[in-house]
Amino acid sequence: MAEFLSAYPTAGGQYHWVAVIAWPKWRPLLSWITGWVNVSGWIALVASGGLLGSQLIVGVISFMNQSYVPQRWHQFLIYIGYNLIAFLLNAFGNFLLPYVTKGAFAWSITGFVIISITVLACSSPNYASGKFVFATFINGKPVVK
Numbered sequence: 000m001a002e003f004l005s006a007y008p009t010a011g012g013q014y015h016w017v018a019v020i021a022w023p024k025w026r027p028l029l030s031w032i033t034g035w036v037n038v039s040g041w042i043a044l045v046a047s048g049g050l051l052g053s054q055l056i057v058g059v060i061s062f063m064n065q066s067y068v069p070q071r072w073h074q075f076l077i078y079i080g081y082n083l084i085a086f087l088l089n090a091f092g093n094f095l096l097p098y099v100t101k102g103a104f105a106w107s108i109t110g111f112v113i114i115s116i117t118v119l120a121c122s123s124p125n126y127a128s129g130k131f132v133f134a135t136f137i138n139g140k141p142v143v144k
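Counting in numbering that gives the first Met the number 0, the sequence shown runs from 0 upward without gaps.
Quick look at the structure:
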């Protein structure tokens with residue numbers, strides 16, 4: 000399926016190619032199912048993206064302010080705001096989408112690097128402090144005894 004889609008892209012996407020390669024009797028049903036599975040995936044992606052974003056924001060607020068007691072409605076309002084911003088960006092800020100994509104990529108790579116360094120620093124019984132890991136530069140080869 001991926002080879003068909005990449006060789007001859009169409010606006011129909013997957014459901015178009017299901018109609019092309021399916022048996023004639025089953026084309027309408029299989030195309031319809033494929034289209035709705037695709038739409039269901041979009042809906043799930045929107046719901047889970049907003050939920051993940053709102054949980055992250057509430058978690059950071061709770062971590063930074065120990066006296067804060069999160070309520071369910073706080074997360075719901077952040078969820079609504081997150082989805083509203085995403086809608087406005089996609090509906091009216093189409094020219095900004097390449098910048099958002101590049102920013103998300105940079106955010107992902109930065110997170111990967113930070114998590115990798117942290118995991119490697121904590122992998123031995125002699126843990127290094129965060130200040131040592133991220134702020135100390137040793138010029139040369141360390142002496143191992």
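Virtual Cβ for every residue (Gly too), placed ideally from N, Cα, C. All values derive from a computational prediction rather than experimental measurement.
Is it buried or exposed, residue i, if we count other Cβ atoms within 10 angstroms and call 16 or more buried?
i      : result
SER53  : buried
VAL49  : Checking the sequence, you will find Gly at residue 49 rather than Val. So GLY49 ends up on the buried side.
TRP16  : buried
GLY77  : Sequence check: residue 77 is Ile here, not Gly. When all chains shown are included, ILE77 counts as buried.
THR33  : buried
TYR14  : buried
SER122 : exposed
SER39  : exposed
SER30  : buried
Here's a check: name, in chain order, each residue in its chain whose Cβ is nearer than 7 Å to the Cβ of residue i, leaving out the five neighbours to either side.
i      : result
ILE116 : VAL132
LEU44  : none
TYR81  : GLY49, GLY52 and SER53
Give me, in chain order, the residues of the same chain whose beta-carbon lies closer than 8 Å to that of residue i; leave out the 5 immediate sequence neighbours on both sides.
i     : result
LEU88 : LEU95, LEU96 and VAL99
With C-beta atoms as the reference, is residue i less than 9 Å away from residue j?
i      : j      : result
GLY11  : ALA18  : yes
HIS73  : VAL57  : yes
ALA120 : TYR126 : yes
Which residues in the same chain have their Cβ closer than 6 Å to the Cβ of residue i, if we skip the five residues on either side of it in sequence?
i     : result
THR9  : HIS15
ARG26 : ALA18
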